[in-house]
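Okay, structure first, notes after.
2 protein chains.
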Amino acid sequence: MHIAIVGAAGMIGRKLTARLVADGTLAGQAITRLTLVDVVEPPLWPAFSGKLDASALDISEPGQARGIVATRPDVVFHLAAIVSGEAELDFEKGYGINLEGTRALFEAIRLAHLEDSYRPCVVFTSSIAVFGAPLPDIIPDDFNLTPLTSYGTQKAMGELLLADYTRRGFIDGIGIRLPTICVRPGKPNKAASGFFSGIIREPLAGQKAVLPVPDSIRHWHASPRSAVGFLLHAASIDLQPLGSRRSLTMPGVSASVGEQIEALRSIAGEAAVNLIRREPDELVLRIVEGWPRAFAAERATSLGFKAETSFDEIIRVHIEDEMEGRIG
Amino acid sequence: MHIAIVGAAGMIGRKLTARLVADGTLAGQAITRLTLVDVVEPPLWPAFSGKLDASALDISEPGQARGIVATRPDVVFHLAAIVSGEAELDFEKGYGINLEGTRALFEAIRLAHLEDSYRPCVVFTSSIAVFGAPLPDIIPDDFNLTPLTSYGTQKAMGELLLADYTRRGFIDGIGIRLPTICVRPGKPNKAASGFFSGIIREPLAGQKAVLPVPDSIRHWHASPRSAVGFLLHAASIDLQPLGSRRSLTMPGVSASVGEQIEALRSIAGEAAVNLIRREPDELVLRIVEGWPRAFAAERATSLGFKAETSFDEIIRVHIEDEMEGRIG
Numbered sequence: 095m096h097i098a099i100v101g102a103a104g105m106i107g108r109k110l111t112a113r114l115v116a117d118g119t120l121a122g123q124a125i126t127r128l129t130l131v132d133v134v135e136p137p138l139w140p141a142f143s144g145k146l147d148a149s150a151l152d153i154s155e156p157g158q159a160r161g162i163v164a165t166r167p168d169v170v171f172h173l174a175a176i177v178s179g180e181a182e183l184d185f186e187k188g189y190g191i192n193l194e195g196t197r198a199l200f201e202a203i204r205l206a207h208l209e210d211s212y213r214p215c216v217v218f219t220s221s222i223a224v225f226g227a228p229l230p231d232i233i234p235d236d237f238n239l240t241p242l243t244s245y246g247t248q249k250a251m252g253e254l255l256l257a258d259y260t261r262r263g264f265i266d267g268i269g270i271r272l273p274t275i276c277v278r279p280g281k282p283n284k285a286a287s288g289f290f291s292g293i294i295r296e297p298l299a300g301q302k303a304v305l306p307v308p309d310s311i312r313h314w315h316a317s318p319r320s321a322v323g324f325l326l327h328a329a330s331i332d333l334q335p336l337g338s339r340r341s342l343t344m345p346g347v348s349a350s351v352g353e354q355i356e357a358l359r360s361i362a363g364e365a366a367v368n369l370i371r372r373e374p375d376e377l378v379l380r381i382v383e384g385w386p387r388a389f390a391a392e393r394a395t396s397l398g399f400k401a402e403t404s405f406d407e408i409i410r411v412h413i414e415d416e417m418e419g420r421i422g
Numbered sequence: 095m096h097i098a099i100v101g102a103a104g105m106i107g108r109k110l111t112a113r114l115v116a117d118g119t120l121a122g123q124a125i126t127r128l129t130l131v132d133v134v135e136p137p138l139w140p141a142f143s144g145k146l147d148a149s150a151l152d153i154s155e156p157g158q159a160r161g162i163v164a165t166r167p168d169v170v171f172h173l174a175a176i177v178s179g180e181a182e183l184d185f186e187k188g189y190g191i192n193l194e195g196t197r198a199l200f201e202a203i204r205l206a207h208l209e210d211s212y213r214p215c216v217v218f219t220s221s222i223a224v225f226g227a228p229l230p231d232i233i234p235d236d237f238n239l240t241p242l243t244s245y246g247t248q249k250a251m252g253e254l255l256l257a258d259y260t261r262r263g264f265i266d267g268i269g270i271r272l273p274t275i276c277v278r279p280g281k282p283n284k285a286a287s288g289f290f291s292g293i294i295r296e297p298l299a300g301q302k303a304v305l306p307v308p309d310s311i312r313h314w315h316a317s318p319r320s321a322v323g324f325l326l327h328a329a330s331i332d333l334q335p336l337g338s339r340r341s342l343t344m345p346g347v348s349a350s351v352g353e354q355i356e357a358l359r360s361i362a363g364e365a366a367v368n369l370i371r372r373e374p375d376e377l378v379l380r381i382v383e384g385w386p387r388a389f390a391a392e393r394a395t396s397l398g399f400k401a402e403t404s405f406d407e408i409i410r411v412h413i414e415d416e417m418e419g420r421i422g
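Protein chains in written order, with my numbering: chain G, 95 to 422; chain Y, 95 to 422.
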């Protein structure tokens with residue numbers, strides 16, 4: 095099996111690659127080839143015994159996506175995206191990558207399909223940012239696409255393309271609406287949701303963290319480990335039962351910022367909590383308060399997608415996967 | 095007031111222009127300038143006393159949309175589209191005009207906004223084809239975007255763009271989800287919905303008509319006169335109350351093909367009905383059976399949008415507007 099990962103240098107892309115390399119198989123088939131692309135050179139994986147190509151390219155530039163498709167991967171994970179905060183600040187860049195890049199990738203696949211009936215499985219990472227206020231407390235699977243950010247708009251447009259390209263037979267597509275990934279390891283990125291991770295990650299490492307929103311803000315979370323699990327599961331199941339509605343909201347944990355802080359307190363103590371400094375930020379609050387608080391996620395759950403069941407568990411996954419099991 | 099109509103040579107575009115020329119005003123303001131564009135040269139309107147520019151151009155070609163925006167119209171009616179049947183048969187042309195053309199127009203406006211804070215009212219003609227099966231008998235205003243055609247996908251993507259460009263302050267946008275327009279005058283076009291008009295228009299003119307679907311197919315209709323009324327009303331009301339959800343399903347008449355035929359019988363008699371020949375067409379049936387049957391249309395109704403209230407009325411409007419009040 096040949097797997098391509100578009101956006102392979104990002105946090106999720108690297109974790110997904112590591113897991114594929116470690117497993118050696120996907121859906122019971124041996125992985126013989128990996129094609130890794132990103133706007134920066136993706137890391138190499140010496141532990142992988144099959145053929146590996148890693149290259150830096152921008153899928154929104156003419157011809158670049160065709161290069162990926164020329165190798166006819168069986169599965170394409172499309173993770174490449176300009177994150178929410180950056181897509182809000184840089185309108186052209188957001189539409190360039192998130193809309194035009196996605197369309198260029200799908201178009202390259204369609205043109206290959208016209209040549210030789212190529213039809214890969216495409217796993218598209220969408221986001222719960224396709225939903226915006228007013229929202230019910232628990233959002234049903236068939237809720238209207240109502241984004242309130244350019245990022246959410248671009249992801250919703252990607253979902254629509256994915257469904258149409260699937261319906262036309264060019265791809266076998268599934269859209270995965272990721273919860274906010276928490277706790278993100280490493281440095282903060284430009285996502286407006288970054289603080290949800292920061293207020294856990296930094297105090298666990300003995301560092302100060304900034305909280306730009308009130309404790310009452312409730313949101314929908316899953317760990318990086320769960321995100322990788324969603325992607326692998328999406329590429330492993332029969333997609334026929336999805337019918338024409340190809341994007342699924344993933345399961346997660348609904349937690350308020352206050353509940354996040356309580357979970358931190360129970361695991362790392364008062365000293366960790368005291369490292370959180372409240373600094374209200376109107377731009378972040380305006381983006382985040384239109385965001386979802388909780389989902390039913392019944393379709394995904396019934397198809398076997400699994401996430402954590404408490405915020406304590408999300409913190410423990412971070413300590414296990416990123417801190418070698420020790421708080422430091 | 096300066097009004098631009100993109101798609102001014104089409105059936106709705108011509109009727110809209112005729113009405114604007116006849117009225118001389120929109121929302122109480124005198125119309126001093128009309129800019130009419132289409133892929134074919136739009137007709138001239140000698141009765142119009144203001145400045146009139148009519149030109150043939152393709153908005154999806156680089157720079158063409160900027161030419162329209164350079165004249166800074168106060169209101170832009172965006173009617174240009176590849177219809178459903180053609181967008182289904184010609185994938186590239188459909189995306190080229192319906193998605194890229196719409197985006198090019200909005201981008202041209204955004205770039206003008208960056209120059210001088212230009213922010214026109216944009217009336218975008220969407221379609222009830224943004225909704226696809228499984229559908230409830232009466233579709234609520236907040237139903238999920240679930241298109242089952244490339245045309246519906248492109249219109250849904252246009253709605254998302256319209257909302258985002260409005261939210262960012264580049265336009266003051268409203269999306270009008272038109273019912274199937276019935277009775278369309280003139281020759282059949284490539285819309286999959288064409289037969290809904292054909293089975294009325296042809297028999298009223300003493301001509302044979304082909305019916306490709308069963309009598310049980312139920313659908314949502316409004317007259318061309320109502321469509322023009324929706325567009326004028328959309329450009330006349332305060333759009334602030336729409337909030338972030340900028341596209342509205344228009345009111346209409348829910349009628350089955352059987353009910354359409356009964357209305358024809360009551361107005362034009364048995365001889366007219368006998369001109370309808372049943373010729374099942376699987377492609378048309380497959381497209382149409384995923385289509386909506388009826389809508390609540392509460393938001394639009396509460397904002398003052400009005401359509402016919404019976405299919406008899408729709409037929410009478412056709413006889414008045416297209417047949418000088420006489421059958422035959």
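Note that the Cβ used here is the ideal one computed from N, Cα and C, for glycine as well. Values in this document were obtained by computation on a predicted structure and should not be read as measured data.
For residue i, is the classification buried or exposed, using 16 other Cβ atoms within 10 angstroms of its Cβ as the cut-off for buried?
i: Asn192 of chain Y; result: buried
i: Val307 of chain Y; result: buried
i: Asp266 of chain Y; result: buried
i: Asp132 of chain G; result: buried
i: Ala286 of chain Y; result: buried
i: Lys249 of chain G; result: buried
Mind pulling the chain G residues with CB within less than 8 Å of residue i?
i: Ser220 of chain Y; result: Simply none; closest approach about 13 Å.
Would you report the Cα separation of residue i and residue j, rounded to the nearest angstrom?
i: Arg380 of chain Y; j: Asp152 of chain Y; result: 31 Å
i: Phe425 of chain G; j: Gly419 of chain Y; result: No answer is possible for residue 425 of chain G: the residues shown for chain G start at 95 and end at 422.
i: Glu364 of chain G; j: Pro228 of chain G; result: 36 Å
i: Gly263 of chain G; j: Arg213 of chain G; result: 7 Å
i: Ser348 of chain Y; j: His313 of chain Y; result: 6 Å
i: Leu120 of chain Y; j: Thr395 of chain G; result: 52 Å
i: Arg160 of chain Y; j: Pro374 of chain G; result: 41 Å
i: Val134 of chain G; j: Lys187 of chain G; result: 16 Å
i: Phe185 of chain Y; j: Arg359 of chain G; result: 56 Å
i: Val382 of chain Y; j: Ile294 of chain Y; result: 18 Å
i: Glu180 of chain G; j: Glu353 of chain G; result: 27 Å
i: Leu130 of chain Y; j: Lys145 of chain G; result: 57 Å
So for residue i, helix, strand or coil by DSSP?
i: Asp266 of chain G; result: strand
i: Leu193 of chain Y; result: helix
i: Ala394 of chain Y; result: helix
i: Ala349 of chain G; result: strand
i: Leu369 of chain G; result: coil
i: Ser221 of chain G; result: strand
i: Asp132 of chain G; result: strand
i: Ile361 of chain Y; result: helix
i: Leu146 of chain G; result: strand
i: Leu205 of chain Y; result: helix
i: Thr274 of chain G; result: strand
i: Ala303 of chain Y; result: strand
i: Ala181 of chain Y; result: helix
i: Leu342 of chain G; result: strand
i: Thr260 of chain G; result: helix
i: Ile125 of chain G; result: coil
Just to make sure I have the definition right: I need the residues of chain G whose C-beta is within less than 9 Å of the C-beta of residue i. Which are they?
i: Ala250 of chain Y; result: Leu239, Ala250, Met251, Leu254
i: Leu229 of chain Y; result: Chain G residues near Leu229 of chain Y: none, gap ~11 Å exceeds 9 Å.
Among the candidates the options, whose CA atom is the shortest distance from the CA of residue i?
i: Leu156 of chain G; options: G:Ala198, G:Ser178, G:Val163; result: Checking the displayed sequence, the identity of residue 156 of chain G turns out to be Pro instead of Leu. When only C-alpha atoms are compared, the closest one is G:Ala198.
i: Ala141 of chain Y; options: Y:Leu333, Y:Leu326, Y:Ile125, Y:Ile421; result: Y:Ile125
i: Met95 of chain G; options: G:Ile408, G:Gly118, G:Gly107; result: G:Gly118
i: Pro136 of chain G; options: G:Ile370, G:Arg108, G:Ala116; result: G:Arg108
i: Phe399 of chain Y; options: Y:Arg359, Y:Ile268, Y:Asp258; result: Y:Ile268
i: Leu397 of chain Y; options: Y:Pro167, Y:Asp332, Y:Ile233, Y:Arg359; result: Y:Asp332
i: Ile270 of chain G; options: G:Thr247, G:Val351, G:His327; result: G:His327
i: Ile99 of chain G; options: G:Glu253, G:Val277, G:Val170; result: G:Val170
i: Arg166 of chain Y; options: Y:Leu114, Y:Ile97, Y:Ala329, Y:Thr240; result: Y:Ile97
i: Pro230 of chain G; options: G:Ile409, G:Ile408, G:Ala390; result: G:Ala390
i: Ser143 of chain G; options: G:Gly122, G:Val115, G:Ala150; result: G:Val115
Residues of chain Y with CB under 8 Å from residue i, in chain order?
i: Thr247 of chain G; result: Leu254, Leu255, Ala257, Asp258
i: Phe185 of chain G; result: Arg204, Arg262
Please list, in chain order, the chain Y residues whose beta carbon lies closer than 7 Å to that of residue i.
i: Gly226 of chain G; result: Ser338
Find the residues of chain Y that neighbour residue i, judging by a C-beta separation of less than 9 Å, and give them in chain order.
i: Ser244 of chain G; result: Asp258, Arg261, Arg262
What does residue i reach in chain G if we use C-beta pairs closer than 7 Å?
i: Asp236 of chain Y; result: Asn238
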